[in-house]
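**Student:** Counting along the sequence shown from 1, when you hit position 241 you're at 241 in full-length UniProt numbering, and nothing is skipped either side. Glycine residues also receive a C-beta, built at the ideal position from the N, C-alpha and C atoms. Predicted, not measured: the structure shown is a model, and the values here were computed from it. Let me give you the structure first, and then I'll get to my questions.
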Amino acid sequence: MEAKYNHIGKGYNTTRRADPYLLERLHYHLNPINEGLYLDIGCGTGNYTSQLHDEEIRFIGIDPSEKMLDKAKKTVPQIEWKLGKAENIPLENNSMEGVVGTLTLHHWDNLEKGFSELFRVMKPYTNVVFFTATPKQMKGYWLNHYFPKMLADSMQQMPSMEKITNAMNAAGFNDIFIEKYNIQPNLKDQFLYAGKQNPSLYLDENVRNGISSFSHLAHQDEVQKGLTQLEKDIASGEINTIMKTYENKDGDYLFLLSQKEG
């Protein structure tokens, strides 16, 4: 994972900006207290960390990519940024008032160890909030039509809801809740399915470079072939028919919520 995000770190902040709505939901579900200390696990360049952090609600950002953390330190030096993985968190027991993570679970090497570590560093009766997607949801992305191998590889590395639930339960997170999220037209954070309603977004190389599926997983011949067809379909209007065939009620992403009860 370090190598992947060291590779896509260049220009990452250009397209991967914290989205106001996602920030609002993360803050709402975290339900932070004043003077609390919180963890953003897999923080990347700290786009969400820096927006959630203030004088009363302080955050620590942890990520395995030195290149990502270097960007975070230069942008917001007042936040404590630490090199580390979810499976080996460099923090004391019962030291965090809560945890957030955005699009990070699929990069963990071991879900069980990761959630056990989070449980260890969290204080009792504190919340954990993740923003993620499941393979089931990703099957409903119209990107499958143009980039089938890339999406298949992405789904393969994305843990299922069953795997996540089992790992969380094993760590001690007993009650798990889900809030579905559908891509909005004004989304500011240009992650994988950001172009759901704006297909031309994927024709921008800068956008693709900020998405790990395109920059790390994708076979370039498939990408070029898919982009050529996508551009033609946008011009002809055929894209609207294709998009309609992928409509579903599973949601595009989800917020995953739980609490360390004691």
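Quick check on Lys4: does DSSP put it in helix, strand or coil?
**Tutor:** Since pLDDT at Lys4 reaches only 47, below the 50 mark, its modelled position is unreliable, and the value read off the structure follows with that caveat. Reduced to three states, the DSSP call for Lys4 is helix.
**Student:** Please determine, among Asn169, Leu30, Lys136, Lys67, the residue with the shortest C-alpha to C-alpha distance to Met155.
**Tutor:** The candidate whose alpha carbon is nearest that of Met155 is Lys136.
**Student:** Could you check how far apart the C-beta atoms of Gly44 and Asp70 are, in whole angstroms? I think they sit under 8 Å.
**Tutor:** With a Cβ gap of about 11 Å, Gly44 and Asp70 do not count as contacting.
**Student:** Quick check on this structure: which residue in Glu162, Lys67, Glu35 has the alpha carbon closest to the alpha carbon of Arg58?
**Tutor:** Ranking the options by Cα distance to Arg58, first place goes to Glu35.
**Student:** Helix, strand or coil: how does DSSP classify Tyr202 here?
**Tutor:** Three-state result, Tyr202: helix.
**Student:** Taking 7 Å as the limit between beta carbons, can you name the residues of its chain near Trp142, skipping five residues before and five after?
**Tutor:** The answer, listed in chain order, is Ile242, Met243, Tyr246.
**Student:** So, helix, strand or coil for Val76, using DSSP?
**Tutor:** The answer is coil: DSSP assigns Val76 none of H, G, I, E or B.
**Student:** Using CA coordinates, which residue listed in Asp204, Asn144, Lys74, Ile183 is at the minimum distance from Tyr21?
**Tutor:** Measuring from the Cα of Tyr21, the nearest candidate turns out to be Ile183.
**Student:** Can you check the segment 138-162 for any beta strand (DSSP E) of at least 3 residues that lies completely inside it and give the ranges in chain order?
**Tutor:** The segment 138-162 contains no whole beta strand (DSSP E) run of 3 or more residues.
**Student:** Just to confirm before moving on: does the CB-CB distance between Thr49 and Ile79 stay below 8 Å?
**Tutor:** It is a contact, given that the beta carbons lie within the stated cut-off.
**Student:** Could you tell me if Glu117 is buried or exposed, where buried requires 16 or more neighbouring beta carbons within 10 angstroms of its beta carbon?
**Tutor:** With 16 or more other Cβ atoms within 10 Å, it is buried.
**Student:** Taking the Cβ atom as the reference point for each residue, do Leu30 and Gly98 lie within a distance shorter than 8 Å?
**Tutor:** Yes, Cβ-Cβ distance for Leu30 and Gly98 is below 8 Å.
**Student:** Hey, quick one: how far does the alpha helix (DSSP H) through residue 315 stretch, first residue to last?
**Tutor:** One cannot answer for residue 315 here, as it falls past the ends of the chain, which runs 1 to 262.
**Student:** Alpha carbon to alpha carbon, how far is Lys180 from Asp189? Give it in angstroms, no decimals.
**Tutor:** Straight-line Cα distance between these residues: approximately 17 Å.
**Student:** If you draw a straight line from the alpha carbon of Ile33 to that of Ile60, how long is it in whole angstroms?
**Tutor:** Roughly 15 Å separates the two Cα atoms.
**Student:** Assign Ser200 to one of two classes, buried (16 or more other C-beta atoms within 10 Å of its C-beta) or exposed (fewer than that).
**Tutor:** Per the 10 Å Cβ criterion, exposed.
**Student:** Could you pull the DSSP bridge partners for residue 264 from this structure?
**Tutor:** Since the displayed the chain opens at 1 and closes at 262, residue 264 lies outside it and no answer follows.
**Student:** Rounded to whole angstroms, what is the Cα-Cα separation between Asn169 and Asn209?
**Tutor:** Near 35 Å, if we compare the C-alpha coordinates of Asn209 and Asn169.
**Student:** Suppose contacts are defined by Cβ-Cβ distances below 8 Å. Is Ala171 in contact with Phe115 by that definition?
**Tutor:** A contact, by the Cβ cut-off of 8 Å.
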